[in-house]
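Below you'll find the structure, written out as structure tokens, and then a few comments.
In my numbering, the protein residues as written are 539 to 701.
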């Protein structure tokens, strides 16, 4: 009985502490995944960066489209699940267990996030630094960047372009 309580407490801590860095795990629905990827309009071989990849569902759909995907996930349980889910596409997917705020992001053509409102301005600044005179598109599900007007909106997904 004590072991069960300990395991439950550990799971609650692991899933809870990520809120201090981004958003709690809430799976993105298939319709929004498809909408985000359609808005980003990435071609085969281009790279998508998913910030907070959760269980890997967005990565999996993108990989099936021929898109290379790098996903960051702070929760070690979800990072492991994402790795297992995308194993068949391991040549074009990479899961990084870590904090994307502190990481040096790889060169990317598009970014997908499902963050919280309070982090969107910080994300905007990080993308501006990362883009560094290259074109990068951001698809954000549910939350807008307060200081920017989206290029397009579809099914609750906001598209932003950085040049």
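Even for Gly, the Cβ is constructed at its ideal location relative to N, Cα and C.
Member of the options whose CA lies at the smallest distance from the CA of residue i
i	options	result
residue 641	569, 587 and 656	587
residue 666	679, 654 and 648	648
residue 701	679, 686 and 673	673
residue 576	687, 675, 684 and 683	675
residue 636	660, 608, 624 and 654	608
residue 589	670, 582, 613 and 629	613
residue 602	616, 583 and 617	583
residue 671	615, 654 and 646	646
Per DSSP, cross-strand counterpart(s) of residue i
i	result
residue 633	609
residue 587	608 and 649
Distance cut-off 6 Å: residue i Cβ against heavy atoms of the ligand SAM
i	result
residue 588	As presented, the structure is devoid of all ligands, the ligand SAM included, so that no description of it is given.
Terminal residues of the alpha helix (DSSP H) in which residue i lies
i	result
residue 573	568-578
residue 616	614-623
residue 683	No alpha helix (DSSP H) holds residue 683; DSSP gives it neither H nor E.
residue 667	658-669
residue 601	595-602
Run of the beta strand (DSSP E) containing residue i, from where it starts to where it stops
i	result
residue 677	674-679
Collapsed DSSP secondary structure at residue i in the structure displayed
i	result
residue 690	strand
residue 697	strand
residue 564	coil
Beta carbon of residue i nearer than 7 Å to that of residue j
i	j	result
residue 596	residue 631	no
residue 677	residue 694	no
residue 620	residue 591	yes
residue 610	residue 634	yes
residue 682	residue 696	yes
residue 698	residue 573	no
residue 624	residue 604	no
residue 626	residue 643	no
residue 622	residue 599	no
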